[in-house]
Amino acid sequence: DEYDKPILDNIDNPAIAAEMREGLKNLYSVLKEQDANIQFIFMTGVTKFSKVSLFSGLNQLTDITISRDFSTICGYT
């Protein structure tokens, strides 16, 4: 939940924000290594970062934000 909070909390301090991004990239790399064992991960945040380098360690994302099939779990109907 709110995967982007550490970055947003430090948005006015580029050095710390970059540190937070690097830490998250490391986490996503670990998840990527477990690709064969993980079928579904549900991440929430307030910022759409899916197409930026933050997720370079986890490059097989499917954004379901506005998909009708998943609308009820994404908080809209």
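Just so you know, the sequence shown maps onto residues 1 to 77 in the UniProt record's numbering.
Quick reminder that beta carbons are idealized off the backbone N, C-alpha and C, glycines included.
Only a predicted model underlies this, so the values are computations on that prediction, with no experimental measurement involved.
Count the other CB atoms, across all protein chains shown, that sit within 10 Å of the CB of D12; report buried if there are 16 or more and exposed otherwise. Within the sequence shown, residue 12 is the residue found at index 12, counting from 1. The residue is exposed, with fewer than 16 neighbouring Cβ atoms inside 10 Å.
Where do the N-terminal and C-terminal ends of the alpha helix (DSSP H) with A18 fall, by residue? Locating residue 18 in the sequence shown gives position 18, where the first residue counts as 1. For A18, the enclosing alpha helix (DSSP H) stretches over residues P14 to E33.
Cβ-based burial, D4 [other Cβ within 10 Å; buried from 16]: Against the sequence shown, residue 4 aligns to sequence position 4. D4 is buried by the Cβ-count criterion.
How many Å lie between I64 and G45 at the Cα? Working through the sequence shown from its first residue, we reach residue 64 at position 64. Working through the sequence shown from its first residue, we reach residue 45 at position 45. Straight through space, the alpha carbons of G45 and I64 are spaced by roughly 13 Å.
At the level of alpha carbons, what is the spacing between P14 and T62? The residue given as residue 14 occupies position 14 in the sequence shown. The residue given as residue 62 occupies position 62 in the sequence shown. P14 and T62 have their C-alpha atoms roughly 28 Å apart.
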